[in-house]
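Asker:
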Amino acid sequence: MTLLGNTRIRLGWIKAHIGIKGNEIADTLEKEATTDGIPASLPFPKSYLKNQLLQLSLSHWQAEWENSETGRSVYSIIPKISNKELQWYRECIQFATIHGPFPSYLKRFDLHSTDYCVCGEIGNPLHNATRCPLALSYRHKGPRPQFIVYWWQSALSSKLSRRNIDNLITFLASNEDIIKSQTQHRYILQPGNRYFQRFTSGTRNSMNTQLSSRAH
């Protein structure tokens, strides 16, 4: 009320608190408030609590992902977890997890007589995508040994590349029986020989028909 009755206010600079009675009292009361003050409990807003729970869950999930003994092939591609959905179809998941129509995978479960591809190399996803002569239509440029991890990350982050992988896996799955029969007869297929020409002419025509029907 005193301030309202006297609108002329003077401001001054105080060099130090020592010796100024009003400041000494203010400092004393401030210290007492930190120790003897009335405790106050203010609830957190729901949005803050939801965010804290989310961050805590992601932190635990990340720790489990880093220390897990399984899923290491996918971990090398996606080392940091996220709650954002990956735009991967079933075929890309098979490719990334190495759980698909690959001789190296099928051999592990006695579903194939050998882990070799018909062209003579180990039949794994990287081989089928970058070197196999039967998959020329779906071939990616192969990585240098020191850049294999970056190749996987790049191949599965590009929409066009993922579509190519989807088509590759569909091709391999559709021709699994033919590939097995050729492998069991020990035919090594290379571009130019009669086995390769006979095989690719039939499988590619079949694959084009399947892709056309999927598009419609």
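So that you can map any letter, position 42 of the sequence shown is 42 in my numbering, and since no number is skipped, the others follow by simple counting. Each residue gets a CB set at the ideal place from its N, CA and C atoms; glycine is no exception. For clarity, every value in this text was computed on a predicted model and none was experimentally measured.
1. By DSSP, does ILE38 sit in helix, in strand, or in coil?
2. Per DSSP, what kind of secondary structure is ILE122 in: helix, strand or coil?
3. From which residue to which residue does the alpha helix (DSSP H) around ASP166 run?
4. Tell me which residues share the same chain as VAL74 and place their Cβ nearer than 7 Å to its Cβ, disregarding the 5 neighbours each side in the sequence.
5. Am I right that ALA129 and ARG144 are in contact with their C-beta atoms under 8 Å? What's the rounded C-beta distance?
6. Nearest-angstrom Cα distance between ASP177 and LEU56?
7. Check whether the Cβ atoms of ARG162 and LEU156 lie closer than 8 Å to each other.
8. Would the beta-carbon of ILE77 fall within 8 Å of that of GLN146?
9. Once the 5 residues before and after SER104 are set aside, which same chain residues still bring their CB inside 7 Å of it?
10. Could you tell me which of ALA40, THR35, ASN83 sits nearest to ASN51, measuring between CA atoms?
11. Quick test of your reading: ILE165 and CYS92, contact by CB under 8 Å. State the CB separation rounded to the nearest angstrom.
12. Helix, strand or coil: how does DSSP classify SER104 here?
Answerer: In terms of the structure at hand:
1. If you number the sequence shown from 1, residue 38 lands on position 38. Three-state result, ILE38: coil.
2. Within the sequence shown, numbered from 1, the residue matching residue 122 stands at position 122. ILE122 falls in the strand class under three-state DSSP.
3. As a working note, residue 166 is residue 166 in the sequence shown. Where ASP166 is concerned, the enclosing alpha helix (DSSP H) stretches over 159-174.
4. As a position in the sequence shown, residue 74 is number 74, starting the count at 1. These residues qualify, in order along the chain: ALA96, THR97.
5. Counting from 1 along the sequence shown, the entry for residue 129 is found at position 129. Counting from 1 along the sequence shown, the entry for residue 144 is found at position 144. No, ALA129 and ARG144 are not in contact; Cβ-Cβ is about 15 Å, not under 8 Å.
6. Indexing the sequence shown from 1 puts residue 177 at position 177. Indexing the sequence shown from 1 puts residue 56 at position 56. Whole-angstrom Cα-Cα distance: 48 Å.
7. Locating residue 162 in the sequence shown gives position 162, where the first residue counts as 1. Locating residue 156 in the sequence shown gives position 156, where the first residue counts as 1. Yes, Cβ-Cβ distance for ARG162 and LEU156 is below 8 Å.
8. For this step, residue 77 is matched to residue 77 along the sequence shown. For this step, residue 146 is matched to residue 146 along the sequence shown. Against a cut-off of 8 Å, the Cβ pair of GLN146 and ILE77 comes out as no contact.
9. Against the sequence shown, residue 104 aligns to sequence position 104. Within the same chain, SER104 has close Cβ partners ASP115, ILE122, GLY123, ASN124.
10. Along the sequence shown, one-based indexing puts residue 51 at 51. For ASN51, the nearest C-alpha among the options comes from ASN83.
11. For the purposes of this step, residue 165 is taken as residue 165 along the sequence shown, with counting starting at 1. For the purposes of this step, residue 92 is taken as residue 92 along the sequence shown, with counting starting at 1. That belief holds up - the Cβ atoms of ILE165 and CYS92 are roughly 5 Å apart, short of 8 Å.
12. Start at 1 with the first residue of the sequence shown, and residue 104 comes out as number 104. In the structure shown, SER104 sits in a helix (DSSP, three-state: H, G or I).
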